Amino acid sequence: MSIVAEAPGFIQVFSNGTVKRFAPQTVSHSDNLSNTYKAKDVTIDPSKPIAARIFLPNTSDSATKPIPILIYFHGGGFCIGSTTWLGYHVFLGNLSATAQAIVLSIDYRLAPENKLPIAYDDCFAALEWLSSNSEPWLQQADLSRVFLSGDSADGSADDVAMNDMFWKLSLPEGSDRDFYGCNFKKGETEWSLFPAVLVFVAGMDFLKERGVMYVEFLKKKGVKKVSLVEAEGESHVFHAWNPESEATYLLQKQISSFIQSL
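Count along the sequence shown starting at 1, add 9, and that's the number in the working numbering.
1. Leaving out five residues on either side along the sequence, give the residues of the same chain with a beta carbon under 7 Å from the beta carbon of D163.
2. Please go through the same chain and pick out, in chain order, the residues whose beta-carbon is closer than 8 Å to the beta-carbon of L42, but skip the five residues on each side of it.
3. Contact between the segment 184 to 202 and the segment 102 to 119: three or more CB pairs below 8 Å?
4. Could you pull the DSSP bridge partners for S236 from this structure?
5. Kindly list the residues whose CB is nearer than 6 Å to the CB of T27, restricted to its own chain and excluding five residues on each side of it in sequence; keep chain order.
6. Helix, strand or coil for S158? Go by DSSP, reduced to three states.
7. Here's a check: name, in chain order, each residue in its chain whose Cβ is nearer than 7 Å to the Cβ of S244, leaving out the five neighbours to either side.
8. Quick one: what's got a C-beta closer than 7 Å to Y129's C-beta in the same chain, skipping five residues either side?
9. Once DSSP output is grouped into helix, strand and coil, what is the label at F31?
10. Could you pull out every residue in the same chain whose Cβ sits closer than 7 Å to the Cβ of N25, ignoring the five residues on either side in sequence?
11. Under the DSSP definition of a beta bridge, which residues are partnered with K230?
12. Excluding the 5 residues preceding and the 5 following S158 in the sequence, name in chain order all residues of the same chain whose CB lies nearer than 6 Å to its CB.
13. Does DSSP classify E255 as helix, strand or coil?
14. So, with DSSP's three-state summary, where would you put L271?
15. Can you give the Cα-Cα distance for K262 and D168, rounded to whole angstroms?
16. Below 9 Å between beta carbons: does that hold for I53 and I115?
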């Protein structure tokens, strides 16, 4: 049995189809890491399975009025990543407190066991679940103010070759990078109905230009409100690897301002 694909420290894929993942430090929803938010794990669809972690700010205001909800799709090239990773937990918990918003972080099924578009379908299922469930922690959610967010979906920050490897593992058999779930230009969208968009890029990220291209594409399509913010001197997914850095705190404030402006 040989290794056919590998991201050192993250994933190994073997010739017989076995997949071994090496997660960084993880944390339970019940671990009390801060007094500014609380967390809870929920099951969206046990048959697949699809799960999520909810973050709720611990403030008196959040208990007396509807608050916005931000849905977060973690990165990892569709092959790794989890709501349980410590970096995501700390970042999203602090974001919930800063933005005074509920955060719903989705654990979708991962490739290569589950090829695209399964991850997309799982995330859409989470949206449907949100609109129809009776979860007590979501009763305060203002469903007229739902924000979709996420990072990367590409994994390690080492090089472009690793990014290409994740796409190869994620795409359906026989598909290439023109697959609609990879090439955003292939999507059939009524752009006039597209909501306001805020795109963050890191100055030292090897995928920075991809984010810039996306912003220019949306503008050309006539999306009414599109903004780009660059974190100068920061690298790929810095907010997850350094969730308590000054750059990450600034990012949380910028996201909060965007939410409050709409």
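Think of the CB as a built atom: it goes at the ideal place given N, C-alpha and C, for glycine as much as any other residue. Remember, predicted model here, so these are calculated numbers, not experimental data.
Judging by the given coordinates:
1. For D163, the predicted structure reports a pLDDT of 47, less than 50, and the residue's modelled location is therefore unreliable. The matter cannot be settled from this model.
2. So the qualifying residues of the chain are V36, H98, V99 and G102.
3. They do not touch, by the three-pair rule.
4. Under the DSSP definition of a beta bridge, S236 partners with L207.
5. Nothing meets the Cβ criterion.
6. Here DSSP, grouped into helix, strand and coil, assigns S158 to strand.
7. Apart from the 5 residues on each side of it in sequence, S244 sits with its Cβ closer than 7 Å to the Cβ of A166, A211, M213 and D214 in its chain, given in chain order.
8. Excluding sequence neighbours, Y129 sits near G190.
9. F31 falls in the coil class under three-state DSSP.
10. If you ignore the 5 residues before and after N25, its C-beta comes within less than 7 Å of the C-beta of M10, all in its own chain and listed in chain order.
11. DSSP output for K230 lists no bridge partner at all.
12. Cβ neighbours of S158 beyond the five flanking positions: L79 and Y81.
13. Of the three classes helix, strand and coil, the one that applies to E255 here is helix, per DSSP.
14. Judged by DSSP in its simplified three-state form, L271 adopts coil rather than helix or strand.
15. Spanning the two alpha carbons is a distance of roughly 29 Å.
16. Yes, the pair counts as a contact, with Cβ atoms nearer than the cut-off.
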